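The next block holds one structure in the form of structure tokens; read it before the comments.
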Amino acid sequence: MNFQTAYDFTLPKGYVDEAGIVHRQGTMRLATAGDEIHAMQHPKVRQNPDYASFVVISSVITQLEGCDRVTPEMLEKMYLSDINFLQNMYQTINESEIPTIHVVCPHCGKEFTDTLNFTNQK
7 MNFQTAYDFT LPKGYVDEAG IVHRQGTMRL ATAGDEIHAM QHPKVRQNPD YASFVVISSV
67 ITQLEGCDRV TPEMLEKMYL SDINFLQNMY QTINESEIPT IHVVCPHCGK EFTDTLNFTN
127 QK
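Here the sequence shown is numbered in this note's numbering, starting from 7 and rising by one per residue.
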């Protein structure tokens, strides 16, 4: 295979388990069509279609330090900044286009476009 299929990450705040231990380091793999299909069959997704992102993201996180597995219920307990990070990372690594952002320097006013890089690739 000539492309990367798994990416390491560090959550901004981290998942805090019931013992109060913070888990920040993890690995996310590329999604498959089966991940999306499986999510649609989840009982909570049938009640609330927006819950599908929690099911899919939990299925593509292959490792979170110190945790046996990641479940949608664990994601429910994460801080919003961590959920936003994981959703952005999921979209970034699974899209074929390189995402960009338009920014303006607050000091000099210069405008430029830069790439968003969740994968640390150059």
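Ideal placement from N, C-alpha and C gives every residue a C-beta, glycine not left out.
Quick caveat, the model's predicted, so the values are computed rather than measured.
Please identify the residue among the options whose C-alpha is closest to the C-alpha of residue i.
i, options, result
"E24", "T119, V110 and G72", "G72"
"E42", "I27, S65 and K50", "S65"
"T119", "R75, T38 and H108", "H108"
"K50", "Y96, Q93 and E82", "E82"
"T121", "F91, T98 and P112", "T98"
When you compare only the Cα positions, how much space is there between residue i and residue j?
i, j, result
"R52", "E79", "16 angstroms"
"A58", "K116", "40 angstroms"
"T11", "T33", "10 angstroms"
"H48", "Y85", "23 angstroms"
"T77", "D56", "16 angstroms"
"I63", "I27", "21 angstroms"
"R75", "F60", "14 angstroms"
"Q93", "T38", "15 angstroms"
"A45", "H113", "45 angstroms"
"V22", "L70", "11 angstroms"
"V110", "N54", "38 angstroms"
Taking the alpha helix (DSSP H) that residue i falls in, what are its first and last residues?
i, result
"F91", "L86 to N100"
"G32", "Careful: G32 lies outside any alpha helix (DSSP H), inside the beta strand (DSSP E) at V28 to R35."
"K50", "P49 to Q53"
"P112", "Run containing P112: none; DSSP gives neither H nor E here."
Do the CB positions of residue i and residue j come within less than 8 angstroms of each other?
i, j, result
"L17", "N100", "no"
"R30", "G40", "no"
"F9", "M95", "no"
Which residue comes first and which comes last in the beta strand (DSSP E) that contains residue i?
i, result
"V61", "Note, V61: premise wrong, no beta strand (DSSP E); alpha helix (DSSP H) at A58 to V66."
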